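When we follow the working numbering, the leftmost residue of the sequence shown carries the number 2, and every step to the right adds one. We put the beta carbon where it would ideally sit given N, CA and C, even for glycine. Computed from a prediction, not measured in an experiment: that's the story for all the values here. Taking it in order: structure first as structure tokens, then the write-up.
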Amino acid sequence: MRVSELPRSRRVFGYLVAAVVLVMAATVVTGRPAHAAAGNHNMTPTGAAWSQCLDIRSNAPGTNVWLWNCQVGNPSQEWWWNDLSPSSAQDHVYLVASASSSYRMCWDLNSYDVGTPVILNYCDSRLASQRWAIKAYDFDRPGYRIVSVGSNWYKCLDLRSYATGTRVELNWCDDSNPSQRWLWRWTS
């Protein structure tokens with residue numbers, strides 16, 4: 002079967018896996034974070050049911066991650082997904098760093114309570130609150146859930162509204178909730 006004959010969701014997942022492999026290879030070869038290696042890509046999650054991207058207003062610790070109109074080339078909407086998992090892992094775990102902070106600031110949580118906002122903090126791969134996983138929906142539905150690993154994989158990125166400026170927060174993972182479905186937009 003040719004790649005072009007695969008369902009779109011499988012192709013996107015395949016591209017994501019290929020990007021993860023490139024990240025891991027670049028880190029091993031260069032000994033530096035993979036975002037410094039040529040040929041790798043940043044990605045921003047975009048809503049499956051709306052056309053907005055995850056964004057930040059500043060790179061200060063504690064800044065909320067929020068929903069904003071997608072702007073190609075805007076570094077505050079570029080996120081580097083750094084795979085922390087061994088290559089043999091079934092479920093990969095990521096540290097999500099902001100391009101506009103030169104990859105020094107990552108998604109973080111102050112707690113795992115429902116409604117806790119996703120904020121920026123200095124990247125520290127040892128913190129469970131900064132570890133995220135990507136879970137694909139069934140092949141008949143496009144999109145992915147972004148799951149907090151520190152919440153024992155029970156809480157997902159969610160929105161209370163699709164309005165511009167809505168902060169991203171945690172909620173119980175719910176496959177039927179469209180505000181927890183994300184697609185990927187390559188940003189560089």
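Between the Cα of residue i and those of the options, spot the shortest distance and give me the residue it belongs to.
| i | options | result |
| --- | --- | --- |
| R105 | N83, D92 and Y113 | N83 |
| N60 | E170, N122, L85 and L96 | N122 |
| K156 | S86, G48, L55 and T117 | T117 |
| M44 | Y95, G63 and S86 | Y95 |
| Q72 | C174, P46, N178 and A134 | P46 |
| V66 | V119, G48, D175 and S180 | V119 |
| S99 | N153, Y138, R58 and E170 | R58 |
| L158 | P143, G63 and N178 | N178 |
| A50 | P62, W133, N111 and R142 | R142 |
| N153 | G166, P87, A134 and T64 | A134 |
Which residue or residues does DSSP assign as beta-bridge partners of residue i?
| i | result |
| --- | --- |
| W82 | V97 |
| L110 | None, per the DSSP bridge assignment. |
| R186 | T45 |
| W69 | C54 |
| Y123 | M106 |
| L158 | L171 |
Quick check on residue i: does DSSP put it in helix, strand or coil?
| i | result |
| --- | --- |
| G48 | strand |
| A137 | strand |
| V148 | strand |
| S180 | helix |
| W173 | strand |
| P62 | coil |
| P87 | coil |
| P118 | strand |
| T28 | Residue confidence for T28 is low, a pLDDT of 33 falling below 50, so the modelled location carries little weight; the figure read from the coordinates is stated next. If DSSP states are grouped into helix, strand and coil, T28 belongs with the helices. |
| P76 | helix |
| A129 | helix |
State the CB to CB distance for the pair residue i and residue j, rounded to an integer number of angstroms; the pair is presumed to be in contact (CB under 8 Å).
| i | j | result |
| --- | --- | --- |
| V97 | W80 | 5 Å |
| K136 | V148 | 6 Å |
| L171 | Y113 | 7 Å |
| Y138 | D176 | 7 Å |
Quick one: is residue i near chain D, going by C-beta distance under 7 Å?
| i | result |
| --- | --- |
| D175 | Of the chains in the structure shown, none is chain D; there is only one protein chain. |
(message) Below 8 Å, how does it come out for the region 160-168 and the region 121-128: are there three or more Cβ pairs, yes or no?
(response) Output reads no: the region 121-128 does not touch the region 160-168.
(request) Examine the Cβ distances between the region 59-76 and the region 89-96 and report whether three or more of them are shorter than 8 Å. (result) The region 59-76 vs the region 89-96: no contact.
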